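Student:
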Amino acid sequence: MSTVFVCLCWIKSAGALQGDGGLSRNTSLTLKHTADLLTRINVCVAKGAVKAADKELQKALETYAQQLKRSALNDHLAAINPLVAGLTMLDHHLEYLDLASEAVATSKLRSFCHVYSALANEGLCCRIQFFEDILDLYGEMIFTPSRAAAVRGAYYRTFLLSSDLKATALDAAIRGNTPASVDSIKVRPIQYLNEMSKIFRLMTKNDTSFLEGVSSKGLLDKAADICSHELFDTRVLSRDMLKLNDDLSDAFSEMYSALDERRVCFLDGMAVRVTQTCDCLRPNDAFDIRALPGCPYPGSELISDELAIAMCKKIAAVIETKFDG
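Residue numbering for the sequence shown is -16 to -1, 1 to 309, as defined by mature numbering (1 follows the signal peptide of the UniProt record, and there is no 0).
1. With a Cβ-Cβ cutoff of 9 Å, do Thr259 and Ala102 count as a contact?
2. What residues are listed by DSSP as bridge partners for Arg266?
3. What span of residues does the alpha helix (DSSP H) with Val99 cover, start to end?
4. Which of helix, strand or coil does DSSP assign to Asn190?
5. Express the C-alpha separation of Ala30 and Lys39 in angstroms, rounding to a whole number.
6. Can you tell me where the alpha helix (DSSP H) holding Phe114 begins and where it ends?
7. Assuming Ala207 contacts Lys306 under a Cβ cut-off of 8 Å, what Cβ separation, rounded to an integer in Å, is found between them?
8. Please name the residue, chosen from Phe194, Ala270 and His98, that lies closest to Val135 on a Cα-to-Cα basis.
9. What residue does the alpha helix (DSSP H) around Leu144 start on, and which one ends it?
10. Let me check understanding here. Comparing Cα to Cα, which of Asp231, Ser237 and Leu265 lies closest to Phe114?
11. Among the candidates Leu204, Cys262, Ala19 and Leu61, whose CA atom is the shortest distance from the CA of residue 310?
12. Take Leu52 as the anchor and find which of Ser85, Lys35 and Leu15 has the nearest alpha-carbon.
13. In the DSSP assignment, the alpha helix (DSSP H) including Asp289 goes from what residue to what residue?
14. Measuring only the C-alpha atoms, how far is Asp272 from Asp289?
15. Look at Ser91 and Met254 and say whether their C-beta atoms are less than 9 Å apart.
16. When DSSP labels each residue in this structure, what does Ser55 get in the three-state scheme?
17. On a Cα-Cα basis, can you pick out the residue from Ala44, Thr23 and Ile112 that is closest to Ala300?
18. Are there 16 or more other CB atoms within 10 angstroms of the CB of Lys189, so buried, or fewer, so exposed?
19. Return the Cβ separation of Glu304 and Cys110 in integer angstroms, given the expectation that the two are a contact with Cβ distance under 8 Å.
20. Roughly how far, in whole angstroms, is the beta-carbon of Tyr80 from the beta-carbon of Leu41, given that I think they are within contact range, below 8 Å?
21. What is the residue span of the alpha helix (DSSP H) that Asp205 lies within?
22. One question on the structure: do Val68 and Leu78 come within less than 9 Å of each other, judged by their Cβ atoms?
23. State the DSSP-derived secondary structure class of Ala134, mapped to helix, strand or coil.
24. Whose C-alpha, out of Ile64, Asp59, Asn268 and Asn26, is nearest the C-alpha of Thr47?
25. Could you tell me the distance, in whole angstroms, from the CA atom of Tyr139 to the CA atom of Ser200?
26. Secondary structure at Leu15, three-state DSSP: helix, strand or coil?
27. May I have the straight-line CA-CA distance separating Glu106 from Gly202, to the nearest angstrom?
28. Could you check which residue in Cys262, Ala270 and Asp308 has the C-alpha nearest to that of Cys296?
29. How is Ser233 classed by DSSP in three states: helix, strand or coil?
30. Going by DSSP in three states, Leu108 sits in which element: helix, strand or coil?
Next up, the structure:
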């Protein structure tokens, strides 16, 4: 029954996407998705960024690429059987999502999103729909307590809360004091990006909590709407996430180069620099250096308003060039 239900969800969501294109059009779309998926994985494998961080994951990607190639031998079945096509697509996307969630470090995504959100809020960076979609889906694991709390005067505080610092050590850190012991650090449960996907939770953990309160008649429509949103509307949860790992690594490297900054060589360091600076911005491009928390980083005390805004604009330019092109 679960297989039939999943296939019906695919047919309804793909049908809604294609309109009057016909089910044969939906089937050909599925086959094209598989080909695109294989291309993206091959590019990622060739680049080697995943291999540098996790050799076992690199092997898993190579194995998965071989599975996709073998599945292409059954394209003739998918072409005449929409249920086979739909199940094939869902199987490929779920496997890819699982692998991609292991490749994208949550800490890397969190640091970048705090940088992006602060710059976008201050009008120094354009809103990029791809990251707005990511924040809609993953906001609860990136911002503590929420993205709404990350506003001028609270960017740095929200970033610290969203990292591994306990609330009891927060005030000391904001004053520029380094936490004295590991007791200041909270151990968070490891979160993976696939845990935020309703489709993934439904398929692998039988989690139907997001369908509660829906009538039997509306159950299929609700599931199909979610399937369509996660797989088609934003496509954040499928092919884009693995490439995002490479793009984020490149973006941070380009940020360091743009600032000609060699001391800030870790991800959180860039987020700290940007969130602290944005907290100091005032109307009419003024910059209140007194808001810097203890000036813990060399050179921070020398930043003028022109230099601070120029620094933020350089970082924003990297983000826009990389992700809004």
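C-beta atoms are modelled at their ideal positions from N, C-alpha and C, and glycine is treated no differently.
Quick caveat, the model's predicted, so the values are computed rather than measured.
Tutor: Reading from the atomic positions:
1. Result yes, Cβ atoms of Thr259 and Ala102 sit closer than 9 Å.
2. Ala270
3. Thr90 to Asn105 is the span of the alpha helix (DSSP H), which, as asked, contains Val99.
4. coil
5. 13 Å
6. Gln113 to Ile126
7. Between Lys306 and Ala207 the Cβ distance is about 35 Å, and since that is not below 8 Å, they are no contact.
8. Taking only the C-alpha atoms, the option nearest Val135 is His98.
9. Tyr139 to Ser146
10. Asp231
11. The chain is shown from -16 up to 309; residue 310 falls before or after that span and cannot be answered.
12. Leu15
13. Asp289 to Phe307
14. Approximately 8 Å between the Cα atoms of the pair.
15. no
16. helix
17. Ile112
18. exposed
19. 6 Å
20. Wrong, their Cβ atoms sit about 13 Å apart, outside the cutoff.
21. Ser200 to Ser212
22. no
23. coil
24. Asn26
25. 44 Å
26. helix
27. Those two C-alpha atoms are separated by around 42 Å.
28. Cys262
29. helix
30. In this structure, Leu108 counts as coil in the three-state DSSP scheme.
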